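Line order of the protein sequences matches chains G and S. Each residue of the first sequence is one higher than the one before, starting from 1 at the first, in full-length UniProt numbering. Each residue of the second sequence is one higher than the one before, starting from 1 at the first, in full-length UniProt numbering. Quick reminder that beta carbons are idealized off the backbone N, C-alpha and C, glycines included. Computed from a prediction, not measured in an experiment: that's the story for all the values here. Below is one structure, written out as C-alpha cells; comments come after it.
Protein chains: 2
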Amino acid sequence: MGVNMTPERPEAQVIAIAGLGLIGGSLARRLTERGRRVIAWNHRPAPYDRARAAGIECVDDVAELARAVPDVLVLCTPLKAMPDVLRQLAPVMDPHTVLADVGSVKGQVRDEVKAVGLDDCYVGAHPMAGNEFSGYAASDPSLYDDALWAVTFDERTSYERLLVVVDMICEGVGDRIIVIDDDTHDRAAAMISHMPHVVSTALANELTEMPERNIAQALAAGCWRDMTRVALTDPDRTRAMVEEDAANVARLLHHMGERLESMAALLESGDDTALAQVREFFAVAHPYREYKARERAGVEHESVTVRIDGDDENGTAGATESGRSTWRDRLLASARRGEHITHMTDRNTAIAEIRTALVS
Amino acid sequence: MGVNMTPERPEAQVIAIAGLGLIGGSLARRLTERGRRVIAWNHRPAPYDRARAAGIECVDDVAELARAVPDVLVLCTPLKAMPDVLRQLAPVMDPHTVLADVGSVKGQVRDEVKAVGLDDCYVGAHPMAGNEFSGYAASDPSLYDDALWAVTFDERTSYERLLVVVDMICEGVGDRIIVIDDDTHDRAAAMISHMPHVVSTALANELTEMPERNIAQALAAGCWRDMTRVALTDPDRTRAMVEEDAANVARLLHHMGERLESMAALLESGDDTALAQVREFFAVAHPYREYKARERAGVEHESVTVRIDGDDENGTAGATESGRSTWRDRLLASARRGEHITHMTDRNTAIAEIRTALVS
Numbered sequence: 001m002g003v004n005m006t007p008e009r010p011e012a013q014v015i016a017i018a019g020l021g022l023i024g025g026s027l028a029r030r031l032t033e034r035g036r037r038v039i040a041w042n043h044r045p046a047p048y049d050r051a052r053a054a055g056i057e058c059v060d061d062v063a064e065l066a067r068a069v070p071d072v073l074v075l076c077t078p079l080k081a082m083p084d085v086l087r088q089l090a091p092v093m094d095p096h097t098v099l100a101d102v103g104s105v106k107g108q109v110r111d112e113v114k115a116v117g118l119d120d121c122y123v124g125a126h127p128m129a130g131n132e133f134s135g136y137a138a139s140d141p142s143l144y145d146d147a148l149w150a151v152t153f154d155e156r157t158s159y160e161r162l163l164v165v166v167d168m169i170c171e172g173v174g175d176r177i178i179v180i181d182d183d184t185h186d187r188a189a190a191m192i193s194h195m196p197h198v199v200s201t202a203l204a205n206e207l208t209e210m211p212e213r214n215i216a217q218a219l220a221a222g223c224w225r226d227m228t229r230v231a232l233t234d235p236d237r238t239r240a241m242v243e244e245d246a247a248n249v250a251r252l253l254h255h256m257g258e259r260l261e262s263m264a265a266l267l268e269s270g271d272d273t274a275l276a277q278v279r280e281f282f283a284v285a286h287p288y289r290e291y292k293a294r295e296r297a298g299v300e301h302e303s304v305t306v307r308i309d310g311d312d313e314n315g316t317a318g319a320t321e322s323g324r325s326t327w328r329d330r331l332l333a334s335a336r337r338g339e340h341i342t343h344m345t346d347r348n349t350a351i352a353e354i355r356t357a358l359v360s
Numbered sequence: 001m002g003v004n005m006t007p008e009r010p011e012a013q014v015i016a017i018a019g020l021g022l023i024g025g026s027l028a029r030r031l032t033e034r035g036r037r038v039i040a041w042n043h044r045p046a047p048y049d050r051a052r053a054a055g056i057e058c059v060d061d062v063a064e065l066a067r068a069v070p071d072v073l074v075l076c077t078p079l080k081a082m083p084d085v086l087r088q089l090a091p092v093m094d095p096h097t098v099l100a101d102v103g104s105v106k107g108q109v110r111d112e113v114k115a116v117g118l119d120d121c122y123v124g125a126h127p128m129a130g131n132e133f134s135g136y137a138a139s140d141p142s143l144y145d146d147a148l149w150a151v152t153f154d155e156r157t158s159y160e161r162l163l164v165v166v167d168m169i170c171e172g173v174g175d176r177i178i179v180i181d182d183d184t185h186d187r188a189a190a191m192i193s194h195m196p197h198v199v200s201t202a203l204a205n206e207l208t209e210m211p212e213r214n215i216a217q218a219l220a221a222g223c224w225r226d227m228t229r230v231a232l233t234d235p236d237r238t239r240a241m242v243e244e245d246a247a248n249v250a251r252l253l254h255h256m257g258e259r260l261e262s263m264a265a266l267l268e269s270g271d272d273t274a275l276a277q278v279r280e281f282f283a284v285a286h287p288y289r290e291y292k293a294r295e296r297a298g299v300e301h302e303s304v305t306v307r308i309d310g311d312d313e314n315g316t317a318g319a320t321e322s323g324r325s326t327w328r329d330r331l332l333a334s335a336r337r338g339e340h341i342t343h344m345t346d347r348n349t350a351i352a353e354i355r356t357a358l359v360s
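Structure, rendered in C-alpha cells:
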C-alpha cells in the first residue's frame with residue numbers, strides 16, 4: 001500500500017462493490033489481487049461461486065454492503081438500476097463510508113444520489129475501462145491496467161472523502177486520475193463520445209436515404225467504415241446515452257452544424273478568400289495532429305508536482321492575484337493542463353504525469 | 001482468358017500503364033501475372049529494373065506507350081500530373097486504343113481528357129484498392145484481390161470501348177465492376193469519403209478549440225479514435241480531394257448540418273413529440289445496420305443475369321413503358337440495385353453478384 005491517506009485507519013481499505021458485471025467484477029478482482037478486502041453483491045447470485053474462489057466476499061442483500069461499514073461502497077450497476085439500489089442503501093449507510101460509482105454520466109448519478117439524501121457522502125468516479133463484452137464471466141483485472149479515472153465533485157464534496165476515493169484508485173487499483181466537476185465531465189463525454197455517436201448515425205442516415213446508397217456503399221473503404229462503426233451499435237443504448245446528456249450534446253451539435261454549413265458556403269463560393277479559409281479550416285486541428293504524432297512516437301511523460309492545498313478550504317493561502325484558488329480550482333486546472341495524477345505524496349500534494357497536453 | 005469480347009483481336013489484351021506507383025505498379029504486375037502483355041512508363045526510371053524482372057516492358061517516353069497501339073492505355077499517375085501526360089499522348093494516340101485511368105474523381109479527369117481532345121476514346125475507371133503506402137516498392141498484385149472497380153461513362157462513351165475496359169478488369173485483373181456515370185461516381189465518393197473527411201476534421205477542430213480539450217482527450221476511447229482517424233491524414237491532400245469535388249461535398253455538408261441542427265433542436269425541446277422524433281432519427285439507419293450484419297455473417301452472394309442491350313443504342317427494344325432504356329440506364333440501374341458484375345457471357349449480357357443491397 002502507498003502513502004497512508006487516512007491515519008485513523010492505517011490498515012488497507014475495505015471496499016464494497018454493488019454489481020458484479022464486467023466493470024464491477026473486474027474492479028472487485030483487481031482490488032482483491034492487490035490486497036484489499038472486497039465485499040460484493042450482485043442482483044443475481046450467478047457469479048458468486050467464481051467470485052468467492054477469487055477471494056471476494058459475497059452477500060445476498062445490497063443493504064449488507066452498507067452494514068459492513070466499508071471505506072468505500074462503489075455502485076457498479078447499470079445506470080437504470082441505481083435509483084432502486086440507492087433506495088435500499090440510504091437507510092443503512094454509515095457516515096464513515098464514502099459512496100462512489102463508475103457511471104458514464106456524472107450529473108444524473110449525483111441527482112439520483114441527492115434524491116435519497118446521500119450526496120454528503122458521495123464522490124463520483126468514472127473509469128476509462130471496458131470492452132465489447134459484459135457480465136462477470138468477461139471480467140478481467142487487467143481491464144484496469146494503466147487506466148485513467150475521472151473523479152468528480154460538486155460544490156459540497158468533502159475533501160476528506162475525495163482523498164478516500166483517490167486512495168482507492170491510485171493505491172488500491174493502481175490507476176491514474178483527473179479530478180473535475182460533474183458538468184465538465186459530462187461536457188467532455190459529450191464531446192468525445194455522445195455527440196460523435198449522433199454524427200456517426202447522421203452519416204449512416206444520409207447514406208441510407210440516398211437513392212444511390214448501394215453505389216456509395218460499394219465504393220466505401222476505411223474512412224467510411226471507421227466513421228460509421230458506432231452507428232452500428234445498439235441504437236437504443238446510444239439514444240439513452242444521448243438523452244442523459246441532452247443539453248451538452250445539443251450545444252455541440254449546433255457547433256458542428258455551424259462548422260459544416262460554413263465549410264459548405266466556402267466550397268460553394270470558391271473564390272480566393274474562401275479557399276484561404278478552407279485552408280484555415282484544415283489547419284485548426286494541427287495541435288491535435290501533433291499531439292497524436294507525439295503519442296504514436298511514445299514520447300516520455302513529464303512528471304510534475306501538483307499543490308492542491310485541500311486543507312485550506314477557502315483557499316486564501318496559495319491564491320493567485322486573480323482570485324481564490326480552492327482545491328477544486330487547482331485540481332480542475334491540473335486536469336485542463338493534461339496532467340494525470342498517479343499518487344499523492346501527502347494530503348495536499350499530488351504527483352502527476354503530463355499525458356495529453358494539447359496546445360492551441 | 002474468359003469470354004472473347006473483341007472477336008477481331010482474339011489474342012490476350014495488350015495493356016499500357018502510365019505511372020508505376022502503388023496502384024499502377026500493382027496493376028501492371030497483376031496483369032502480367034495473368035498473362036497479359038504490359039508496357040509501362042514511369043516519370044522516373046527507378047522501378048524499371050524490378051518491373052522488367054516481373055515481366056513488364058518499360059519505355060522511356062510516355063508517347064511510346066501510345067505508339068505501341070495497346071488495347072488499353074491506363075493513366076495511373078497522380079491527378080495533378082494528368083494534364084501534362086495527356087498533352088504528350090494526344091498527338092500520338094491510335095484510334096484503336098482505349099484511354100482509361102484509375103483516378104479517384106471522374107468528372108475532373110474527363111474534363112482534362114476533353115481538353116486535349118481524347119474524350120472519344122476515353123472510359124473512366126476507379127479501382128477500390130490501395131493502402132497507406134505508395135510507390136512501386138509497395139506494389140502488390142494481391143491489392144486487386146476481389147476488388148471492385150467503378151467504370152464510368154458520359155453521354156458520348158462508346159459501348160464498344162466500354163467492353164474493352166470491362167474485359168481488362170473482369171478477365172485481365174479478375175475483379176468486379178459497377179458501371180455508372182461520372183457524376184454518380186463523384187456524388188457517391190463525396191458521400192463515403194470526401195464529406196466524411198470534412199466531418200472528421202470538424203470534430204478534431206471542435207476538440208482543439210475547446211478550453212477543456214485535454215480533459216476531453218483524456219476521456220476519449222474507441223469512438224473518438226475511429227471518428228477522427230482520417231482527420232490525422234495529410235490535411236493538404238484532404239483539402240485537394242475536397243476541392244476537386246466541391247459542389248458534391250458542399251451539398252452533403254448542408255444535409256449533414258441540417259440533420260445535426262434538427263437533432264439539437266429535438267434534444268433541447270425534450271417533449272414527447274421531440275423524443276419520438278429522436279427515436280426515429282436512430283431508426284433511419286436500420287437498413288444499413290441490417291446490411292452490415294448480413295455482411296458480417298458472410299451471407300452468400302446471390303447471382304443474377306443483367307441484360308444490357310448495348311447493341312441497341314437507342315434502346316427501343318427492351319424499353320419499359322416509362323421510357324427508353326439504353327445500356328447506360330440498364331447498367332446504372334444494376335449498380336443501384338447493389339449488383340457487382342463479375343463477367344460478361346456475351347456482348348449484351350453480364351453476370352453479377354448482389355453484394356451491397358441496402359433496402360430502405
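Practice item. Kindly examine the ligand GDP and report whether one of its heavy atoms sits closer than 8 angstroms to the Cβ of GLY270/S. Key: Because no ligand of any kind appears in the structure shown, any question about the ligand GDP cannot be addressed here.
Check your understanding: Between which two residues does the beta strand (DSSP E) containing VAL299/S stretch?
Key -> From DSSP, VAL299/S is part of no beta strand (DSSP E); its letter is neither H nor E.
**Study point:** Nearest neighbour of LYS292/G, chosen from ARG87/S, ASP120/S, GLY25/S and THR208/S [CA to CA]
**Key:** Selected option, being the one with the closest Cα: THR208/S.
Practice item. Give, in chain order, every residue of the stretch 227-241 of chain S whose Cβ lies closer than 8 angstroms to some Cβ of chain G. Key: Residues of the stretch 227-241 of chain S with a C-beta less than 8 angstroms from any C-beta of chain G: MET227, THR228, ARG229, VAL230, ALA231, LEU232, PRO235, ASP236, THR238 and ARG239, listed in chain order.
**Study point:** For LEU163/S, the three-state DSSP class (helix, strand or coil)
**Key:** Here DSSP, grouped into helix, strand and coil, assigns LEU163/S to helix.
**Study point:** Neighbourhood of GLY2/S by C-beta distance below 6 angstroms, restricted to the same chain and skipping five residues each side
**Key:** The predicted position of GLY2/S is uncertain, since its pLDDT is 45 and thus under 50; a value taken from the coordinates is nonetheless stated next. GLU171 and HIS343.
**Study point:** GLY107/S and ASP186/S closer than 9 angstroms at C-beta
**Key:** For the pair GLY107/S and ASP186/S, the CB atoms are nearer than the 9 angstroms cut-off.
Review point. What are the residues that DSSP puts in a beta bridge with PHE153/S?
Key: Looking at the DSSP assignment, PHE153/S forms a beta bridge with ASP181/S.
Practice item. Could you check which residue in ALA125/G, ILE354/G and TYR159/G has the C-alpha nearest to that of HIS301/G? Key: Selected option, being the one with the closest Cα: ILE354/G.
Check your understanding: Considering only residues of the stretch 5-85 of chain S, which uninterrupted alpha helix (DSSP H) runs meet the minimum length of 4 residues and lie entirely inside it, listed in chain order?
Key -> Correct list: 22-33, 48-53 and 62-67.
Review point. Could you give the uninterrupted runs of the alpha helix (DSSP H) lying entirely in the stretch 115-156 of chain G, keeping only those of 4 residues or more?
Key: You should have found no qualifying run.
Practice item. Kindly identify the DSSP beta-bridge partner or partners of ALA352/G. Key: According to DSSP, residue pairing for ALA352/G in a beta bridge involves VAL304/G and ILE341/G.
Practice item. Give me the Cα-Cα distance between GLY25/G and PRO78/G, rounded to the nearest whole angstrom. Key: Computed Cα separation, rounded: 13 angstroms.
Exercise for review: Out of GLY174/S, GLY19/S, VAL38/S and ALA246/S, point me to the one whose CA is closest to PRO45/S's CA.
Suggested key: Out of GLY174/S, GLY19/S, VAL38/S and ALA246/S, GLY19/S has the C-alpha closest to the C-alpha of PRO45/S.
Review point. At a Cβ threshold of 9 angstroms, is TYR136/S touching chain G?
Key: It does not; no Cβ of chain G falls within 9 angstroms.
Review point. Should LEU22/G and TYR136/G be called a contact, given that it needs their Cβ atoms to be closer than 9 angstroms?
Key: Result yes, Cβ atoms of LEU22/G and TYR136/G sit closer than 9 angstroms.
Check your understanding: Counting only beta-carbon atoms, is LEU353/G nearer than 9 angstroms to chain S?
Key -> It should be pointed out that residue 353/G corresponds to Glu in this sequence rather than to Leu. The beta carbon of GLU353/G does not come within 9 angstroms of any beta carbon belonging to chain S, so the residue lies off that interface.
**Study point:** Reference GLU295/S; option with closest CA among SER269/G, GLN217/G, HIS340/G and ARG279/G
**Key:** Cα-wise, what sits closest to GLU295/S is GLN217/G.
Exercise for review: Spatial neighbours of ILE17/S within its chain, please: CB distance less than 7 angstroms, with the 5 preceding and 5 following residues excluded, ordered by chain position.
Suggested key: The residues are GLY24, LEU27, ALA28, VAL38, ALA40, VAL74 and CYS76.
**Study point:** Same chain only: Cβ atoms within 8 angstroms of ALA202/G, ignoring 5 sequence neighbours per side
**Key:** Excluding positions up to five away in sequence, the list is empty.
**Study point:** Other residues of its chain near GLU57/G: CB distance less than 6 angstroms, five sequence neighbours each side excluded
**Key:** Spatial neighbours of GLU57/G in its own chain (CB-CB distance under 6 angstroms, excluding positions within 5 residues in sequence) are listed in chain order as ILE39.
Point to revise | C-beta neighbour in chain S for HIS343/G, strict 9 angstroms | key: For HIS343/G, the answer is no, since every Cβ of chain S falls outside 9 angstroms of its Cβ.
Review point. Which of helix, strand or coil does DSSP assign to ASP245/G?
Key: It is coil, neither helix nor strand.
Practice item. Determine the chain G residues that contact ASP80/S at a beta-carbon separation under 8 angstroms, and present them in chain order. Key: It should be noted that the sequence gives Lys, not Asp, for residue 80/S. Chain G residues near LYS80/S: none, gap ~16 angstroms exceeds 8 angstroms.
Review point. Does the Cβ of SER334/G have 16 or more other Cβ atoms within 10 Å, making it buried, or fewer, making it exposed?
Key: By the Cβ neighbour-count rule, SER334/G is buried, with 16 or more other Cβ atoms within 10 Å of its own.
**Study point:** Under 8 angstroms by beta carbon: chain S residues contacting ILE192/G
**Key:** Residues of chain S passing the Cβ test: LEU207, ALA216, GLN217, LEU219, ALA220, ALA221, CYS223 and TRP224.
Exercise for review: Measure from the C-beta of ARG30/G to each C-beta in chain S and report whether the shortest distance is under 9 angstroms.
Suggested key: Taking Cβ atoms only, chain S never reaches closer than 9 angstroms to ARG30/G, which makes this a no.
Check your understanding: Whose C-beta lies closer than 7 angstroms to the C-beta of ILE308/G among residues of the same chain, with five residues either side of it excluded?
Key -> Result list for ILE308/G: TRP327, ARG330, LEU331, ASN348, THR349 and ALA350, in chain order.
Point to revise | Member of HIS43/G, ILE177/G, LEU118/G and ALA68/G whose CA lies at the smallest distance from the CA of GLU339/G | key: Closest by alpha carbon: ILE177/G.
Check your understanding: Considering only C-alpha positions, which residue in the set LEU143/S, PRO91/S, VAL109/S and THR97/S is nearest to ASP71/S?
Key -> Comparing Cα-Cα distances from ASP71/S to each of LEU143/S, PRO91/S, VAL109/S and THR97/S, the minimum goes to THR97/S.
Practice item. Could you name the residues of the same chain whose beta carbon sits closer than 6 angstroms to that of GLU33/S, not counting the 5 residues immediately before and after it, in chain order? Key: So the list reads PRO141, once near-sequence residues are dropped.
Check your understanding: Which residues in the same chain have their Cβ closer than 8 angstroms to the Cβ of VAL278/S, if we skip the five residues on either side of it in sequence?
Key -> The residues are MET263, LEU266 and LEU267.
Point to revise | Host beta strand (DSSP E) of LEU99/G (start-end) | key: Its beta strand (DSSP E) spans residues 98-101.
**Study point:** Identity of the residues DSSP links to ARG176/G by a beta bridge
**Key:** As computed with DSSP, ARG176/G is found in a beta bridge with LEU148/G.
Review point. What do you get for ALA190/G, buried or exposed, if any count of 16 or more other CB atoms within 10 angstroms of its CB means buried?
Key: By the 10 Å Cβ count, ALA190/G comes out buried.
Check your understanding: DSSP state of ASP309/S, grouped into three classes?
Key -> Here ASP309/S sits in coil by DSSP.
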